[in-house]
Each structure stands twice: as C-alpha cells, then as structure tokens.
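The next block holds one structure in the form of structure tokens; read it before the comments.
This is the structure in structure tokens:
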C-alpha cells in the first residue's frame with residue numbers, strides 16, 4: 001500500500017483529502033474545473049491511512065453530484081494498465097465505492113462503469129458488492145458468465161471460487177446465480193465446510209494442565225513460525241489458559257515468572273497478574289518497561305493500559321508526573337494514556353500536558369493521540385481546547401478529527417457556533433450526527449438549509465437522520 005501525499009490543510013486539495021466540511025464548501029465556491037480536478041485526485045489516490053476506519057466515499061460522491069462532474073477520470077483510473085499489475089484493493093476501492101453511491105443517486109454512467117469493471121477489472125469483487133446493493137436482478141444475472149469464466153474448470157479453480165464466495169461482503173449475487181449455475185450452487189454449498197476443515201486441522205502444540213506447564217508452553221517455538229509477534233500471541237493465549245489453571249499457592253511461581261528471563265512466560269504472567277489486579281504488578285510492570293528485550297518492553301507498556309483500580313491510578317500519576325516520573329519517557333507516556341482512559345477529574349492537567357507534549361514531539365499523528373483526545377473530552381479539560389482545535393484542523397485522519405470534535409463539544413463553549421457548523425459537511429457520519437445535535441441553528445443561514453438537505457438525503461445514515469430531524473422538529 002502506497003503512502004499518500006497529503007497537501008497542506010489550508011489548501012483545497014488538503015481539505016478534501018482530510019474530508020473536512022470546509023473542503024465541500026470551498027470546492028463549491030471554487031472554479032469548477034479546479035474543484036473537479038481536486039476531487040478526482042482524491043478519489044484516484046485514496047488519501048486515507050486506513051480505509052476501514054475512515055469514510056470518504058459518500059463525501060466525494062456528493063461533490064460529484066453537486067459539481068455535475070464527469071466520470072472520465074475514474075474510468076481511466078479503473079481501466080489503466082496498472083489495474084493488470086496491481087491487484088491491491090486500496091488502489092480502486094474508493095473509486096468503486098464512490099461509483100456505488102453515484103449509482104444510488106441515479107447516475108446511469110456510474111452504474112454502467114461498475115458493470116463493465118465487474119466483467120473485466122481486477123478488483124471485481126468490490127465492484128460486484130456495490131452492484132449487489134444497487135443493481136436489478138436481470139443485470140446481475142447477465143454478469144454471471146463473465147465472473148464464472150474467471151475460475152478455470154478443475155479443483156484449483158473450484159477452490160478459488162469457494163474462497164471468493166465465502167469472502168463476499170454481499171451474498172445476493174451468488175445466491176441469485178446459484179439458482180441458474182450448478183457450479184456456483186455446488187461451490188456455495190461446499191464453502192462453509194472448507195472453513196470448518198481448516199479450523200479442525202490447525203496444527204500446534206497444546207499446553208499441559210498446570211501453571212508451570214502453561215508458563216513453559218508460552219516460550220515454546222511456534223511450529224508455524226511467525227516472527228517476534230508469534231511469541232506475544234502465544235503469551236496472550238497462555239495468559240488465558242492461566243485463568244483456568246492457577247491456584248492460590250501458584251502466586252510465587254507467577255511472581256517469579258513475571259520477573260524472570262523467559263520472555264513468553266514473563267509476558268503471560270504479567271498479563272495474568274494485571275487482570276487479577278495483583279498488588280505487586282505495578283513494580284513488575286515498571287521493571288519490565290526498562291528491560292532490554294523490546295518484546296517485553298512493548299508488552300509491559302501495553303499491559304499498563306489495562307491496569308485498573310485506585311492503586312493503579314496512584315502509581316500512574318507518579319509515572320506521569322514530570323517531577324516524580326516523566327511524561328517524556330515511554331513509561332510516563334503510557335501512564336498518561338491510562339489516566340486519559342480511566343483517570344479522574346484531578347488528572348486533567350496531566351492529560352492536557354501529555355496531549356501538548358505529544359503534539360510538540362510527534363505532531364498530529366500516532367495511535368496514542370486519539371486516547372489523549374478522548375481523555376481531554378471525558379475529563380472536560382477546558383485547558384485542552386487550543387490543542388484540540390489544532391488536532392481538529394490538522395489531523396489527516398477523519399476518525400481522529402471526529403474524536404477531536406467530540407472532545408470540543410464538551411470542552412469548547414463556542415463549538416456550536418464554530419466547528420459544529422463545518423462538521424455538518426464532514427465526511428464522517430458520526431461527526432455529522434454530533435454536529436446536528438450541537439450546532440446553533442440561528443445566526444448562520446447555511447445551517448438550517450444543510451439540516452434540511454441531510455434530512456432529505458436517502459444516502460444519509462439513520463443516526464444522522466434522527467439527529468437532524470430532532471433539531472428541525474424543535475426548531
């Protein structure tokens with residue numbers, strides 16, 4: 001997967017890549033050709049870091065409709081030579097999803113393009129899923145011969161066919177075709193049994209039924225390999241086994257393993273002791289976080305985030321406080337994450353300081369930033385508002401921006417008159433819903449008009465419809 005090049009947040013392209021509401025508003029006010037080129041650039045070079053948690057397709061489809069944009073650029077993208085060389089779903093997935101929404105809006109050219117790509121394109125299963133939701137049965141039946149021809153006759157082709165049927169997001173076309181094509185019917189019947197057979201025949205060694213046996217098993221080499229992550233996965237499985245076999249007299253054995261030299265047993269014992277809220281686990285976590293084995297360190301920092309209870313919070317405050325621990329250390333950063341997730345109102349200053357430090361060191365990126373943003377909102381830390389506004393404006397991830405918007409709705413008294421207005425045009429439905437519930441409906445003539453359009457749009461999510469209609473009903 002390529003790393004997208006993101007334009008500055010103040011530019012039209014940068015706003016559209018981020019899926020911000022201002023992107024739509026600026027595109028509609030800009031030169032039409034410039035706006036179409038910018039939208040097309042986004043759709044043909046997906047700007048999302050993770051398409052599974054970020055939405056863009058409806059956002060871009062609405063712009064195609066508003067701008068009455070042609071689909072020539074999308075057609076060239078789907079039918080390029082690269083489609084034969086690069087079968088990564090991410091290359092064409094966004095374009096196909098946009099075409100799906102356009103087809104739902106009634107654009108026949110989008111429907112025709114999806115049908116043609118299903119018959120000839122490399123990412124045809126995605127296109128077929130889009131058609132399953134929007135096309136009629138007769139047109140879907142016409143596509144069956146072209147799809148079936150992709151799978152050569154014989155055991156190998158039949159196995160590939162069963163795999164595709166099993167992984168299909170929308171089963172409708174396959175059920176429809178099964179009634180007319182015996183080969184598809186047979187593959188549909190056999191497909192679930194293939195999965196069960198693989199589950200039954202999974203190789204591996206199971207541990208003995210004692211605490212010592214489980215701890216020893218945690219460090220055994222995985223027959224299937226898997227690299228460093230295999231040990232961490234096995235340690236997690238061992239920790240689950242420990243919940244069934246540990247007896248009260250096994251505590252000294254577990255404490256020894258949690259401080260020992262065997263990484264698998266150490267991680268498994270630490271995980272078990274964290275879940276049991278053992279009084280000694282904080283010291284063990286602190287020691288493990290300074291270990292030379294990066295696997296042990298990573299596990300200790302992750303497990304710190306699972307600690308709960310008054311003693312865990314007190315220790316986390318010590319680690320996070322610059323005077324007694326240091327938020328600039330890995331242990332201190334993990335402690336701030338814990339306070340952001342489950343801390344008390346008195347922890348607000350530490351969380352705000354951690355948020356500011358994160359932004360100054362890493363910018364508006366990183367998996368832990370979302371937890372700090374959520375924590376600032378949960379703790380109603382008003383001092384975090386400038387940092388939250390910065391995250392909202394600069395975040396490339398629309399999912400992270402939505403979390404910043406939610407935190408601002410709690411901490412910023414001006415959210416309803418400011419960011420909430422823009423959020424009505426945001427690419428994330430959860431952000432649009434949030435905006436609909438908080439936006440001030442007086443003072444900006446665009447707000448009521450936008451609420452009415454969202455209420456009338458059949459492509460909008462039910463939760464957004466409910467929020468919007470609630471505001472319109474209340475006036």
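Residue numbers (UniProt numbering): 1 to 475.
Note that CB positions come from ideal geometry on N, CA and C, so glycine has one too.
From a predicted model like this one, the values you see are computed outputs, not experimental measurements.
* Asked: Quick one: what's got a C-beta closer than 7 Å to residue 315's C-beta in the same chain, skipping five residues either side?
  -> Locating residue 315 in the chain shown gives position 315, where the first residue counts as 1. Correct list, in chain order: 282.
* Asked: Any idea what DSSP makes of residue 187, helix, strand or coil?
  -> For the purposes of this step, residue 187 is taken as the residue at position 187 of the chain shown. Reduced to three states, the DSSP call for residue 187 is helix.
* Distance, Cα to Cα, residue 416 vs residue 409? -> For the purposes of this step, residue 416 is taken as residue 416 along the chain shown, with counting starting at 1. For the purposes of this step, residue 409 is taken as residue 409 along the chain shown, with counting starting at 1. For residue 416 and residue 409, the distance between alpha carbons rounds to 8 Å.
* Asked: Just checking my contact of residue 391 with residue 433 at CB under 8 Å: how many whole Å lie between their CB atoms?
  -> Against the chain shown, residue 391 aligns to sequence position 391. Against the chain shown, residue 433 aligns to sequence position 433. About 19 Å separates the two Cβ atoms, so there is no contact after all.
* To do: Work out the CA separation of residue 54 and residue 232 for me, nearest whole Å.
  => On the chain shown, position 232 is the one that residue 232 refers to. On the chain shown, position 54 is the one that residue 54 refers to. When rounded, the distance between both Cα atoms is 28 Å.
* C-beta atoms of residue 114 and residue 103 nearer than 8 Å -> Residue numbering aside, residue 114 sits at position 114 when the chain shown is read from its first letter. Residue numbering aside, residue 103 sits at position 103 when the chain shown is read from its first letter. Result yes, Cβ atoms of residue 114 and residue 103 sit closer than 8 Å.
* **Helix, strand or coil at residue 65 according to DSSP, with G and I counted as helix** => Residue mapping note: residue 65 aligns to position 65 of the chain shown, counting from 1. It is helical.
* Asked: Going straight from the alpha carbon of residue 400 to that of residue 370, what length do you get?
  -> For the purposes of this step, residue 400 is identified with residue 400 of the chain shown, where counting begins at 1. For the purposes of this step, residue 370 is identified with residue 370 of the chain shown, where counting begins at 1. Distance between the alpha carbons of residue 400 and residue 370 is about 6 Å.
* Please state whether DSSP places residue 6 in a helix, a strand or coil. => Residue numbering aside, residue 6 sits at position 6 when the chain shown is read from its first letter. Coil, per DSSP.
* To do: Would you mind working out which of 147, 253, 71 and 181 sits nearest residue 211, comparing C-alpha positions?
  => For this step, residue 211 is matched to residue 211 along the chain shown. Nearest C-alpha to residue 211: 253.
* Other residues of its chain near residue 215: CB distance less than 6 Å, five sequence neighbours each side excluded -> As a first step, residue 215 is located in the chain shown; it is residue number 215 there, counting from the start. Only 257 and 265 meet the Cβ criterion.
* Starting from residue 417 and walking both ways along the alpha helix (DSSP H), at which residues does that stretch end? -> In the chain shown, residue 417 corresponds to position 417, counting from 1. Here residue 417 belongs to no alpha helix (DSSP H), and DSSP marks it neither H nor E.
* Alpha carbon to alpha carbon, how far is residue 249 from residue 213? -> For this step, residue 249 is matched to residue 249 along the chain shown. For this step, residue 213 is matched to residue 213 along the chain shown. Using only the alpha carbons, I get a separation of about 15 Å.
* Asked: Are residue 407 and residue 374 close, meaning C-beta to C-beta below 8 Å?
  -> For the purposes of this step, residue 407 is identified with residue 407 of the chain shown, where counting begins at 1. For the purposes of this step, residue 374 is identified with residue 374 of the chain shown, where counting begins at 1. Contact flag set, yes.
* **residue 200 to residue 56 span [Cα, whole Å]** => Taking the first residue of the chain shown as position 1, residue 200 is located at position 200. Taking the first residue of the chain shown as position 1, residue 56 is located at position 56. Low confidence applies here, because residue 200 scores a pLDDT of 45, under 50, leaving its location unreliable; read the following figure in that light. Rounded to the nearest angstrom, the two C-alpha atoms are 40 Å apart.
* **CB of residue 163 within 8 Å of CB of residue 129, strictly** => Your numbering for residue 163 matches position 163 in the chain shown. Your numbering for residue 129 matches position 129 in the chain shown. Taking 8 Å as the Cβ cut-off, residue 163 and residue 129 do not qualify as a contacting pair.
* To do: Over the uninterrupted alpha helix (DSSP H) stretch that includes residue 392, give me the two end residues.
  => The residue labelled residue 392 in the question sits at position 392 within the chain shown. That run of the alpha helix (DSSP H) goes 385-394.
* Consult DSSP for residue 248 and reduce its assignment to one of helix, strand or coil. => Locating residue 248 in the chain shown gives position 248, counting from the first residue. Helix.
* **Own chain residues within Cβ distance below 7 Å of residue 255, not counting five before or after** => Stepping through the chain shown from its first residue, residue 255 is reached at position 255. Correct list, in chain order: 280.
* What number of angstroms, rounded off, separates the C-alpha of residue 414 from the C-alpha of residue 440? -> Translated into the one-based positions of the chain shown, residue 414 becomes position 414. Translated into the one-based positions of the chain shown, residue 440 becomes position 440. Each residue's Cα considered, the two are about 10 Å apart.
* Which of the three DSSP states, helix, strand or coil, is assigned to residue 371? -> By one-based count along the chain shown, residue 371 stands at place 371. Reduced to three states, the DSSP call for residue 371 is helix.
* Asked: Between residue 271 and residue 239, is the Cβ-Cβ spacing less than 8 Å?
  -> For the purposes of this step, residue 271 is identified with residue 271 of the chain shown, where counting begins at 1. For the purposes of this step, residue 239 is identified with residue 239 of the chain shown, where counting begins at 1. Contact flag set, yes.
* To do: Mind the definition here: the segment 290-305 touches the segment 328-343 only if three or more C-beta pairs lie below 8 Å; say whether that holds.
  => yes
* **Residue closest to residue 379, alpha-carbon to alpha-carbon, out of 359, 468, 352 and 237** => Numbered from 1 along the chain shown, position 379 holds the residue referred to as residue 379. Looking at the Cα atoms, 352 is the closest of the given residues.
* To do: Could you have a look at residue 106 and say whether DSSP puts it in helix, strand or coil?
  => In the chain shown, counting from the first residue as 1, residue 106 sits at position 106. Three-state result, residue 106: coil.
* residue 4 versus 364, 46 and 142, residue with shortest Cα-Cα distance -> Taking the chain shown and counting its residues from 1, one reaches residue 4 at position 4. Measuring from the Cα of residue 4, the nearest candidate turns out to be 46.
* **Status (buried if at least 16 other CB within 10 Å, exposed otherwise) for residue 165** => As a position in the chain shown, residue 165 is number 165, starting the count at 1. Per the 10 Å Cβ criterion, buried.
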